[in-house]
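> Structure provided below as structure tokens; questions to follow.
There are 2 protein chains.
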Amino acid sequence: MVTLKEIAQHCGVSVTTVSNIVNNSPKKVRDETRKKVMEAIEELGYHPNYFAQGLRRQRTQTIGVITEDLAQFTTPEIVEGIMKYCEEKKYRVLLQNLRLYSRWQDKWYNDETLIHSVLDPAMKELVSIKADGLIYIAGHEREIHLFEEKTDMPLVLAYCCSDESMTSVEIDDEEGGYQMVSYILAQGYRKLGVISGRADNIHAKRRLLGCQRALFEAGIPYNPSWVLDANWEPEKAYTMTAKLVNAGVDAIFCMSDWMAGGVYNCIHDMGLEVGKDIAVTGFDNEKVANWYIPKMTSSRLPLLEVGTESARLLFEKIEKQDSDDNGADSDTVKHIKIPCEIKIRESVPKRNE
Amino acid sequence: MVTLKEIAQHCGVSVTTVSNIVNNSPKKVRDETRKKVMEAIEELGYHPNYFAQGLRRQRTQTIGVITEDLAQFTTPEIVEGIMKYCEEKKYRVLLQNLRLYSRWQDKWYNDETLIHSVLDPAMKELVSIKADGLIYIAGHEREIHLFEEKTDMPLVLAYCCSDESMTSVEIDDEEGGYQMVSYILAQGYRKLGVISGRADNIHAKRRLLGCQRALFEAGIPYNPSWVLDANWEPEKAYTMTAKLVNAGVDAIFCMSDWMAGGVYNCIHDMGLEVGKDIAVTGFDNEKVANWYIPKMTSSRLPLLEVGTESARLLFEKIEKQDSDDNGADSDTVKHIKIPCEIKIRESVPKRNE
DNA sequence: TTGTAAGCGTTATCAG
DNA sequence: CTGATAACGCTTACAA
């Protein structure tokens, strides 16, 4: 590998001069020398040694990203957002994948010691590599307490949150639920059934809250017995749909596009038609939403934005830390929620009545 | 950060001793000293500095992974496979994301200079970080010529291939097509229609080849006019299906699960029933396959395996390189194809006839 | 404007 | 069994 020294020898100058040119330091360099050196660099193909540089400076121009599970459908897009931002900032990304699902399926959900068993080595890794900051991407949104013993490394939580002291970027599920239900009501429906995910799930809870708010604002009483839990499973959603239809709802707000498949099928099997007889909406705006018939109105998760926003906040912290020579802990903690985007299609036609 | 020196001072020994203990070198160390040092390491929380280590050794224990687009549905699982393997080998993974799709949609497909404009900086990066090896993951399978000017870095192509000189791991599309069509024929169907992807697409070509082989082996004449190109688009697949049905086929081999949605819809709209009137199979085994009614037989892409196998081959190369002090270029080039796995469901019932 | 030299934390060589 | 010391490639204060 070509080193500074070799370039220097090649040009008959000192390493210092070459280094100054490479880092275009404020020092004055004769144009002639600069040109000569630049040419040599080009010709010999010099590229700074990352390790020597990292060893010398205290900054590594590298941030760590730890994902709970890269194979979760929400994760790659968040990572993509982060990388996009980092590219502009000329930062490297060291990605760690905890592979929680493939290791333990669902068992890790509430078992933070289990998570720690793989998280701790990953963190050590990042310390040893002196990452300038860390973004932690959860596999599904929830409240975590993994980082109690604060590291000095700037940290941003993506797709999850923690206590007040931790900067986090989440999607605004409540607003998403609110938007969706407001839309359904605006289309003229009045008897709203809800197919929810797991009752203890933060997405489900927040979306339901938004739903209730929309109902309240429209002056429509909230009927809790029309809210059924299908545990994110299409099969269960199928069963629940039958109950809701028999109970007389005219619209169903289903909390995931996949579960909505069960809803569509059930309605079809009952000899009814989605849209004409019963309005249906999903959530997540996955590809399927476009392929149900009629095409289903859904809500896009702003994952890319979660990524870029996390990165933006992280760099804000890193820069803050850099300028705080006094060591003042004037941390800028923020809790950002990014709105979902409703994608209107054909499953909630205007009610003519 | 705790350094070797600090540990040494704490214990009243030299850094050499500590280093020897940390790397459990063959050198003999008195048990007493070892114990003392180990305790200090534990207590002070020592972790070797990645940069100092990397600077000193020539090995970095890091491999680079360059993805054409992480958001491609096939990519994360391959990455996951690689990371799984690397974890066992105690290697780090530096992931680079070219983001080809989000940058240029489809425009980069046959424009390798465009690709080079983002690939080259990424490669430089890996050189500067002295990655021990590189895995390149394509966004869709095809033949690439991106690495003509051989680097000395061990390289494996995943989900794509190149000329003979390059090690690659692909999925065995031909065998996949063969398996699927053999199965359809074994179930008693004789008039096979095919909905293909882009004609110039390597997946499509290979699957079709397998299909033709299966037909030939069964002694059934191949009718090219029953092979229609739907460009991977469900909408087009819908149109094509009508043609095939009108032409009198009794089974449709559709080359992607998403296009199969169009097939299902068309058959339904024509007043027919998938399974009963016409057999249908998809490909890719995406989640949807389970949600069409009747559940669709499809073929699982062995992506995780592509990942682990790529990593395995890469380490084979790395180790080879290490042992080849003589510099002999006794490279082990391999072209691996990993079989798909047919997932039989309900869309191709046994023909009773 | 350019050069000298120290030092970042490690490992390897060689000497005690 | 243990310890000095050089070297890896770079940045930076200071000297010329």
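For the record, the sequence lines run as chains A and B. Going by the numbering used here, the first residue of the first sequence is number 2, and it counts up by one from there. Going by the numbering used here, the first residue of the second sequence is number 2, and it counts up by one from there. All C-beta atoms in this analysis are idealised placements derived from N, C-alpha and C, irrespective of residue type, glycine included. It should be emphasised that the depicted structure is a prediction, and the values quoted were computed from it without experimental measurement.
Name the two residues that bound the continuous beta strand (DSSP E) containing B/Cys-87.
Careful: B/Cys-87 lies outside any beta strand (DSSP E), inside the alpha helix (DSSP H) at 76-89.
> Please decide whether A/Gly-377 counts as near chain B, where near means a Cβ-Cβ distance under 9 Å.
In the structure as shown, chain A starts at 2 and stops at 354, and residue 377 of chain A therefore has no counterpart that could be examined.
> Return the CA-CA distance between B/Pro-77 and A/Trp-259, expressed in angstroms with no decimal places.
Distance between the alpha carbons of B/Pro-77 and A/Trp-259: 20 Å.
> Please list the residues of the region 18-52 of chain A that have a C-beta atom closer than 7 Å to any C-beta atom in chain B, keeping them in chain order.
So the close ones are His-48, Pro-49, Asn-50, Tyr-51, Phe-52.
> Is there a Cβ of chain B sitting closer than 9 Å to that of A/Lys-277, yes or no?
False, the Cβ-Cβ gap to chain B never drops below 9 Å.
> Compare the beta carbon distance of A/Trp-233 and A/Lys-192 with 9 Å and say whether it is the shorter of the two.
Taking 9 Å as the Cβ cut-off, A/Trp-233 and A/Lys-192 do not qualify as a contacting pair.
> DSSP three-state call for B/Cys-162: helix, strand or coil?
DSSP places B/Cys-162 in strand when its eight states are reduced to three.
> Take B/Gly-55 and list the residues in its own chain whose beta-carbon comes closer than 6 Å to its own, dropping the five residues that flank it on each side.
Once the five neighbours on either side are set aside, the close Cβ partners of B/Gly-55 are Thr-61.
> Anything in chain B within Cβ reach of A/Val-80, meaning under 7 Å, just list it in chain order.
Neighbours of A/Val-80 on chain B, chain order: Leu-71.
> Helix, strand or coil, according to DSSP, for A/Arg-60 in the structure here?
Three-state result, A/Arg-60: coil.
> For the region 262-328 of chain A, list the alpha helix (DSSP H) runs that are entirely contained and at least 4 residues long, ordered along the chain.
Taking only runs of at least 4 residues, the alpha helix (DSSP H) segments lying wholly in the region 262-328 of chain A are 304-324.
> How would you list, in chain order, the residues of chain A whose beta-carbon sits under 9 Å from the beta-carbon of B/Asn-266?
The answer, in chain order, is Trp-292, Ile-294.
> Anything in the region 100-134 of chain A with a Cβ closer than 8 Å to a Cβ of chain B? List those residues in chain order, please.
Against chain B - using a Cβ distance shorter than 8 Å - the residues of the region 100-134 of chain A are Arg-100, Ser-103, Lys-125, Glu-126, Val-128, Ser-129, Ile-130, Lys-131.
> Just how far apart, CA to CA, sit B/Met-124 and B/Gln-73?
Taking the straight line from one Cα to the other gives about 21 Å.
> May I have a chain-ordered list of the beta strand (DSSP E) segments no shorter than 3 residues that lie completely inside the region 128-199 of chain A?
Counting only runs of 3 or more, we get 134-138, 156-159, 169-173, 193-197.
> Hey, does A/Lys-288 have any beta-carbon neighbour from chain B nearer than 9 Å?
Yes, contact with chain B.
> Is there contact here, the region 110-123 of chain A with the region 38-57 of chain A, by at least three beta-carbon pairs under 8 Å?
Touching, no, given that fewer than three Cβ pairs across the two stretches are closer than 8 Å.
> Give a yes or no on whether the C-beta atoms belonging to B/Val-38 and B/Thr-18 are separated by under 9 Å.
Result yes, Cβ atoms of B/Val-38 and B/Thr-18 sit closer than 9 Å.
> With A/Asn-1 as the anchor, note down where its alpha helix (DSSP H) starts and where it stops.
With chain A covering only 2 through 354, there is no way to say anything about residue 1 of chain A.
> So, helix, strand or coil for B/Val-228, using DSSP?
If DSSP states are grouped into helix, strand and coil, B/Val-228 belongs with the strands.
> For A/Val-23, name the three-state secondary structure that DSSP assigns.
Helix at A/Val-23.
> Under DSSP, the alpha helix (DSSP H) around A/Ile-203 begins and ends at which residues?
203-218 is the span of the alpha helix (DSSP H), which, as asked, contains A/Ile-203.
> Of all the CB atoms in chain A, is at least one closer than 9 Å to the CB of B/Trp-233?
No, B/Trp-233 lies away from the interface with chain A (no Cβ there is under 9 Å from its Cβ).
> Which residues of chain A have a Cβ atom closer than 8 Å to the Cβ of B/Pro-77, listed in chain order?
Result: Leu-71, Ala-72, Thr-76, Pro-77.
> Starting from the C-beta of B/Glu-347, find all residues in its chain whose C-beta is less than 8 Å away, skip the five residues before and the five after it, and write them out in chain order.
So the qualifying residues of the chain are Gly-276, Pro-295, Lys-296, Met-297, Thr-298.
> Please list the partners that B/Met-256 has in chain A, where partner means a Cβ-to-Cβ separation under 9 Å.
By Cβ distance, chain A contributes nothing, its closest Cβ being about 17 Å from B/Met-256, past 9 Å.
> Taking one C-beta from the region 83-101 of chain A and one from the region 88-100 of chain B each time, how about it: are there three or more such pairs within less than 8 Å?
Touching, yes, given that three or more Cβ pairs across the two stretches are closer than 8 Å.
> Just how far apart, CA to CA, sit B/Val-248 and B/Leu-229?
Correcting the residue type first, residue 248 of chain B is Ala in the shown sequence and not Val. One C-alpha to the other measures close to 12 Å.
> From this set, B/Ile-83, B/Ile-145, B/Leu-304, B/Gln-10, which residue's C-alpha is nearest B/Leu-315's C-alpha?
Closest option to B/Leu-315, Cα to Cα, is B/Ile-83.
> Could you say which of B/Asp-270, B/Arg-143, B/Thr-333, B/Glu-236 lies nearest to B/Val-246 if we only look at CA atoms?
If we check each option's Cα against that of B/Val-246, B/Asp-270 comes out closest.
> Excluding the five sequence neighbours on either side, which residues of its own chain have a C-beta within less than 6 Å of the C-beta of B/Arg-35, listed in chain order?
Answer for B/Arg-35: Ile-22, listed in chain order.
> Starting from B/His-336, trace the beta strand (DSSP E) both ways and give me its first and last residue.
First-last of the beta strand (DSSP E) with B/His-336: 336-340.
> Express the C-alpha separation of A/Thr-168 and A/Lys-108 in angstroms, rounding to a whole number.
If you take the alpha carbons of A/Lys-108 and A/Thr-168, they lie about 27 Å apart.
> Just the chain A side, please: which residues come within less than 9 Å of B/Met-84 by C-beta, in chain order?
Correct list: Leu-71, Leu-96, Gln-97, Asn-98, Arg-100.
> Contact between the region 209-218 of chain B and the region 176-187 of chain B: three or more CB pairs below 8 Å?
These segments touch.
> How would you list, in chain order, the residues of chain A whose beta-carbon sits under 7 Å from the beta-carbon of B/Leu-56?
Going along chain A in sequence order, the residues near B/Leu-56 (Cβ under 7 Å) are Phe-52, Ala-53, Leu-56.
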